[in-house]
Amino acid sequence: MFNKQFEESIKDSITNIQSLLTINFDNPHLKIHKVIFDDFDKPCFEVHIQNPLSNKDMIGLDFEQLSYYLKHPKDLIVYYYKERYIDYIEWLKTGGLVQCTAINTTGIRCKNFISNKKYSLHEHIKLKNKGRMCSKHQR
7 MFNKQFEESI KDSITNIQSL LTINFDNPHL KIHKVIFDDF DKPCFEVHIQ
57 NPLSNKDMIG LDFEQLSYYL KHPKDLIVYY YKERYIDYIE WLKTGGLVQC
107 TAINTTGIRC KNFISNKKYS LHEHIKLKNK GRMCSKHQR
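All you need for the numbering used here is the position in the sequence shown, starting with 1, plus 6.
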């Protein structure tokens, strides 16, 4: 009897929490999420973050973290990757590739990539900041 009531109470809580996640996580990069249980049978929240290398990274949040990130979903990306949100968005837009930093004769940045290799977010930022160029613009 006790176990059945406890189980139903947990299911109700999970349903309520899942509806909160669906309503509040309006950041398009944090769309997939679900409630899971940790090793101590405590409910926690699994949120998937878009990643051009593996399609998504998973992060587990406890109740305190969840309450904060429901209000500030962009901060979850900063917390997880330890990089600026704007760098994360650029990384997504390029699909993990690094754009050439050369400026064409028309004054527009070259649209070529330095290689066809996809890089992690940290590598992407490093290479971009080093001013890497495509094979056409290398000296």
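We put the CB at the ideal spot given by N, CA and C, even for glycine.
Local Cβ density within 10 Å of residue i, reported as buried at 16 or more and exposed below that
i	result
L127	buried
L27	Only weak support is given to the placement of L27: the predicted model assigns it a pLDDT of 49, under 50, and the value that follows is read from those uncertain coordinates. The residue is buried, with at least 16 neighbouring Cβ atoms inside 10 Å.
I55	buried
Rounded distance between the beta-carbons of residue j and residue i, thought under 8 Å
i	j	result
Y75	D81	6 Å
N118	C140	4 Å
Same chain only: Cβ atoms within 6 Å of residue i, ignoring 5 sequence neighbours per side
i	result
G66	C50, E52
L72	F51
L59	G102, K124
Beta-carbon proximity list for residue i, same chain, < 7 Å, skipping 5 on both sides
i	result
K99	none
Contact under 7 Å by Cβ, residue i with residue j
i	j	result
T112	G137	no
V104	K134	yes
I131	D93	yes
Same chain, Cβ closer than 8 Å to residue i, neighbours up to 5 away in sequence not counted
i	result
R115	Q105, C106, T107, A108, I109
Report the residue ranges of all alpha helix (DSSP H) runs contained in full by the region 48–79; include only those spanning at least 4 residues, in chain order. 69–77
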